[in-house]
Amino acid sequence: MADEDPDDPGSTLVRSGKSALTFTEMATFVRDLEARPTVRLLDDLPGLMALPDAKYNLVVLVLRKKTRPGGTERSAILERLLQLKSAEDPAVRARVQAFLDRPE
């Protein structure tokens, strides 16, 4: 896994988000997302921002918690999202902009 491209949308977390269909699977995805080490979460953001709508909304809920004022991960996540404003995927760019327009 160490050889994976950090922007690879095929990370384990992103794959589990894509494949989550049941409530239990989605709850597990959210728990994994909440527990993800910051460095790995930052690497996964491009793929997470490209998930289908329902799963993307779960990602947003977790990111909003992590980017609350005073949050330890806030600045790193917002900085990575700023970088993603120039992503190739127009859907990712739009979602990033929407999140940044209302980060709290």
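Sequential numbering of the sequence shown, starting at 1135, is according to our numbering. Using N, Cα and C, we set each Cβ at its ideal position, and we do this for glycine too.
Using a C-beta cut-off of 8 Å, the segment 1195–1206 makes no contact with the segment 1216–1232, since fewer than three inter-stretch Cβ pairs fall below that distance. Annotated three-state conformation of D1178 is helix, per DSSP.
The three-state secondary structure of A1221, taken from DSSP, is coil. A residue is called buried once 16 or more other Cβ atoms fall within 10 Å of its Cβ, and A1161, having fewer, is exposed.
Distance from the CA of A1210 to the CA of S1153, rounded to the nearest whole angstrom, comes to 27 Å. In the DSSP annotation of this structure, the continuous segment of the alpha helix (DSSP H) that includes E1168 starts and ends at 1157–1169. In this structure, the beta-carbon distance from L1212 to V1230 does not fall below 8 Å. Assigned with DSSP and collapsed to three states, E1207 falls in coil, not helix or strand. The beta carbons of L1176 and V1148 sit no closer together than 8 Å. Per DSSP, the unbroken alpha helix (DSSP H) holding L1195 starts and ends at 1187–1200.
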